[in-house]
């Protein structure tokens, strides 16, 4: 009976050990599956971002294939404009308003030049943002067609205004604005204005003739008076005094006229100086904005050059792409292959060694020759040799093989780990005892020990097969992850090699913002994918 009991205990212990091993393997597989899921969740956001950018570019390509039809030039009927035409018209209006405000001189009393410069800078940035939004939302072909349509419309409008029929049509087409109290008549035509001008000229010529006649009459009267005075005054001294008085009056009148003329010239000179200052300020603004435009054009030129170089590199053919893949991806995969093989061999070896691991040593409640571990971890002050319990704890650290210099730090971690393992094993033992008790109570009384052992062996076999299948699935997932690792590393490496990584959202790098660099990278990636296909 004692031998049978011992054999039964050993069998039960082996069954418990195999079940613990199976649970340990299941925990390992669960942890590895959790790590794989975390990696997948970490890769979902970049993949979703790339998919959104690719979808936006595909939508733009699809919109580029659609033909946009504009209405007839100078049509009287109001029709719905295409969205691209409305956006291009708004951008052109903003540009025209900016140039008009730039050319209008500031008022004399008062706008501060710094506020005007800020206003110009804000207007310029608004126009640039409008153009950027336009180029982002619409294909380049549609934008070019809208610009050509607006140019043709403006040319037709100018031609119609320059012709006589157009002038009459414009004069007739202007509506008469009616006020609430009185109605205003239509604006006069050009012919009427010319006639009024000639009538004014005729009236001024008539007045000039009358004034000339009056001047001649007064001159004759003055000459007659001078001759009469010469006849009346016979003495030479009186005649000289008279002549000097007349000359004095003439010089005084000439002096008054010269003073009035000099005052007018001074006013005109002051006005000219004011205009000169305004022109100089305008010239400085124009030069500054011209310098800014030249810098922007240079940046655009560099961007176009970089885009052309990128297009040239992307359009060299699939052979260069394949050579790039072989030069970057293949060496990385070859370098990763030994590590993956080593990991697979380590997994296989761990799988082979899992059934032979004995967990009986961990079932002991305490190490041999020492007291049970406390349920509450000791503090750092209790590990000092001067404390009452310090010597026993130091002896325990030496018994566990911990170094004396780092015994307190490592002892806490070791004790916490052993305490957690102990609690886990106690829970597992109580669970297994309950399972065995349930199995014993649920089994039929006629079954023998050999039959029970056979049932246990069949259950262990099924568990091993399930564990092998799970390990195979895990190995397949690991292989797939290792195969995708070089591709993801290449994509991330190419992205980090781009100069746009040095650009922040509020700053510019080589004339472009971070969003523009990302859009440029997505376009290049789409072109590369199309070439690889």
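Numbering (our numbering), first residue to last: 5 to 537. Cβ atoms here follow ideal geometry from the backbone N, Cα and C, with glycine treated the same way.
Under the criterion of beta carbons closer than 8 Å, residue 131 and residue 99 qualify as touching, at roughly 6 Å.
Pairing residue 165 with residue 151, the inter-Cα distance amounts to about 21 Å. In the DSSP annotation of this structure, the continuous segment of the alpha helix (DSSP H) that includes residue 54 starts and ends at 6-69. Judged by DSSP secondary structure, residue 142 falls outside any alpha helix (DSSP H); it is assigned neither H nor E.
Here residue 520 is buried, its C-beta having at least 16 other C-beta atoms within 10 Å. According to DSSP, residue pairing for residue 208 in a beta bridge does not occur.
The closest CA to that of residue 297, considering only 128, 38, 282, 523, is found on 128. Non-local beta-carbon contacts of residue 230 in its own chain, meaning distances under 8 Å to residues more than five positions away in sequence, involve 250 in chain order. Listed in chain order, the non-local C-beta contacts of residue 340 below 7 Å within the same chain comprise 486, 489, 490, local neighbours out to five positions each way being set aside. Under a 10 Å Cβ-count criterion, residue 425 is classified as exposed, with fewer than 16 other Cβ atoms of the shown protein chains found around its own Cβ.
Per the coordinates, the alpha-carbon of residue 157 lies some 29 Å from the alpha-carbon of residue 126. Shown here for residue 227: not one same chain residue has a beta carbon closer than 8 Å to its own, the five before and five after excluded. Residue nearest to residue 67 within the set 342, 432, 139, 310 is 139 (criterion: CA-CA distance). A straight-line Cα-Cα distance of about 13 Å links residue 248 and residue 234. Distances from the alpha-carbon of residue 522 to those of 270, 58, 292 put 58 closest.
The C-beta of residue 275 has fewer than 16 other C-beta atoms within 10 Å across all chains shown, which makes the residue exposed. Taking 8 Å as the upper bound for CB-CB distance, residue 481 and residue 70 are not in contact here, some 44 Å apart.
The criterion of a C-beta distance shorter than 9 Å is not satisfied by residue 23 and residue 356. If you draw a 10 Å sphere on the C-beta of residue 221, you find fewer than 16 other C-beta atoms in it, and that means exposed. Taking the Cβ atoms as the reference, residue 530 lies roughly 5 Å from residue 61, within the contact range of under 8 Å.
Linking residue 7 to residue 33 through their CA atoms gives a straight-line distance of about 38 Å.
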